[in-house]
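Asks:
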Amino acid sequence: MSGAFTVATVVAAMAIPALGWLVGALSRRAEQARSRRVVR
Amino acid sequence: MELFRRLLDLVGPSNADRPAPDDPDAPSALSGPERLFFAATAFLAALGLGAVWGIAAGSHDAHLAVDNVGKVPVLLVASSLVSLPVALLVFRLTARQGRVTDLLMAHALGLFAGCLALALLSPLVALYQYTSSFAGMPVAVGSGVLGALVALLVVVRVIRKLSPGLAGRVYGAPIALVLVLQAAALAQLASVTTPVFPPAPRWGRAWTDS
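Listed in order, the protein sequences are those of chains A and B.
Okay, so the first sequence: first residue is 0 according to numbering that gives the first Met the number 0, each after it adds one.
Okay, so the second sequence: first residue is 0 according to numbering that gives the first Met the number 0, each after it adds one.
Take a look at the structure:
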């Protein structure tokens, strides 16, 4: 496998869990923002 | 399922295209955290759906199909990481209005819609990979082209939903840059790794081997 694709694989292997963490971290804030908008 | 329904609402021509002024679910009313949340969720969903298509595209060979489960998401992530930062910089340098989160959300939702189209076409792709050595590759490549077209159309639609009136003037150049850079990165990365599709049959070999 080419070195460039190896680097891409490593980067993706770090980025995908980071995205999952971001989804978890933002889900509550997003829900709170929507609730504030509905109340208004 | 509710989240999937929200994503489909965001990419579809729902009533949110012309929202009531006090509609809390109007795309243009979404806050920054909400936009990032939908962008990240749509991107992750796109990776999963792309992996499903990868299985179908390589279904002629079990080893290739399993390989594609990891390869297609890597191609999508790497090409996005190559193209997005430059486009975001161009946006920040050229736009007086608009939001970076609009661009991120449009890109992610476009990718989601394109990969959803690919995943829904994957039974057809798998069928031809299994049953036709002549048409298997064209059908697989055609599904990829169709998915890219769907992604492009959805990116434009989502940007117009998120920022009505600003779309072309403010976001035109960054979006065009993302498309060009992502296509270039995708093509080059795909060329340096093992193929996503099985090798095409060599016509005439049966005749020369006898």
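Don't be surprised by glycine CBs; every beta carbon is placed ideally from N, CA and C.
Look at G57/B and L63/B and say whether their C-beta atoms are less than 7 Å apart.
Replies: The residue given as residue 57/B occupies position 58 in the second sequence. The residue given as residue 63/B occupies position 64 in the second sequence. Yes, they are a contact pair.
Asks: For A7/A, does the count of other Cβ atoms within 10 angstroms reach 16, so buried, or fall short, so exposed?
Replies: By 1-based counting over the first sequence, the position of residue 7/A is 8. Classification for A7/A: buried.
Asks: Starting from R5/B and walking both ways along the alpha helix (DSSP H), at which residues does that stretch end?
Replies: The residue labelled residue 5/B in the question sits at position 6 within the second sequence. Run containing R5/B: 1 to 10, per the alpha helix (DSSP H) assignment.
Asks: Mark A175/B as exposed unless 16 or more other C-beta atoms lie within 10 angstroms of its C-beta, in which case mark it buried.
Replies: Along the second sequence, read from residue 1 onward, the residue named residue 175/B stands at position 176. Exposed: under 16 other Cβ atoms inside 10 Å.
Asks: Whether or not the segment 102 to 121 of chain B and the segment 43 to 59 of chain B are in contact is what I'm after, with contact meaning three or more pairs of Cβ atoms, one per stretch, closer than 8 Å; do they touch?
Replies: Yes: at least three Cβ pairs fall under 8 Å.
Asks: Is the Cβ of A32/B closer than 7 Å to any Cβ of chain A?
Replies: Position 33 of the second sequence holds residue 32/B. Reading the sequence as shown, one finds Pro at residue 32/B and not Ala. Output row for P32/B: interface = yes.
Asks: Should F3/B go down as buried or exposed, given a rule of 16 or more other Cβ atoms within 10 Å for buried?
Replies: What you label residue 3/B is simply residue 4 of the second sequence in a count that begins at 1. Exposed, since its Cβ has fewer than 16 Cβ neighbours within 10 Å.
Asks: To the nearest angstrom, report how far apart L151/B and V22/A are at their CA atoms.
Replies: Within the second sequence, residue 151/B is the residue found at index 152, counting from 1. Within the first sequence, residue 22/A is the residue found at index 23, counting from 1. Rounded to the nearest angstrom, the two C-alpha atoms are 24 Å apart.
Asks: Using a Cβ-Cβ cut-off of 7 Å, state whether T100/B counts as contacting chain A.
Replies: Numbered from its first residue, the second sequence carries residue 100/B at position 101. Cβ-Cβ to chain A under 7 Å: no for T100/B.
Asks: If you draw a straight line from the C-alpha of V51/B to the C-alpha of R98/B, how long is it?
Replies: As a working note, residue 51/B is residue 52 in the second sequence. As a working note, residue 98/B is residue 99 in the second sequence. Between V51/B and R98/B, the C-alpha separation is close to 32 Å.
Asks: May I ask you to report which of helix, strand or coil DSSP gives L29/B?
Replies: In the second sequence, counting from the first residue as 1, residue 29/B sits at position 30. Reduced to three states, the DSSP call for L29/B is coil.
Asks: Which residues in chain A sit within 7 Å of A186/B, going by Cβ to Cβ distance?
Replies: Indexing the second sequence from 1 puts residue 186/B at position 187. Simply none; closest approach about 13 Å.
Asks: Can you grab the Cα-Cα spacing for the pair T192/B / F4/A, in whole Å?
Replies: Your numbering for residue 192/B matches position 193 in the second sequence. Your numbering for residue 4/A matches position 5 in the first sequence. Their Cα atoms are separated by approximately 6 Å.
Asks: In angstroms, rounded to a whole number, what distance separates the CA positions of D8/B and P26/B?
Replies: Locating residue 8/B in the second sequence gives position 9, where the first residue counts as 1. Locating residue 26/B in the second sequence gives position 27, where the first residue counts as 1. When rounded, the distance between both Cα atoms is 9 Å.
Asks: Taking only beta-carbon atoms, is L43/B less than 7 Å away from chain A?
Replies: Your numbering for residue 43/B matches position 44 in the second sequence. Yes - at least one Cβ of chain A is within 7 Å of the one on L43/B.
Asks: Give the interface partners of L46/B over in chain A, defined as CB-CB distance under 9 Å, in chain order.
Replies: On the second sequence, position 47 is the one that residue 46/B refers to. Simply A11, I15, L18.
Asks: Compare the C-alpha of A147/B against each of R159/B, A118/B, P173/B and name the closest.
Replies: The residue given as residue 147/B occupies position 148 in the second sequence. A147/B has its Cα closest to that of A118/B, out of R159/B, A118/B, P173/B.
Asks: Do you know offhand how far R28/A's Cα is from L80/B's?
Replies: Mapped onto the first sequence, residue 28/A falls at position 29. Mapped onto the second sequence, residue 80/B falls at position 81. Going by the C-alpha atoms only, they are around 25 Å apart.
Asks: Helix, strand or coil, according to DSSP, for F111/B in the structure here?
Replies: As a position in the second sequence, residue 111/B is number 112, starting the count at 1. F111/B: helix per DSSP, three-state reduction.
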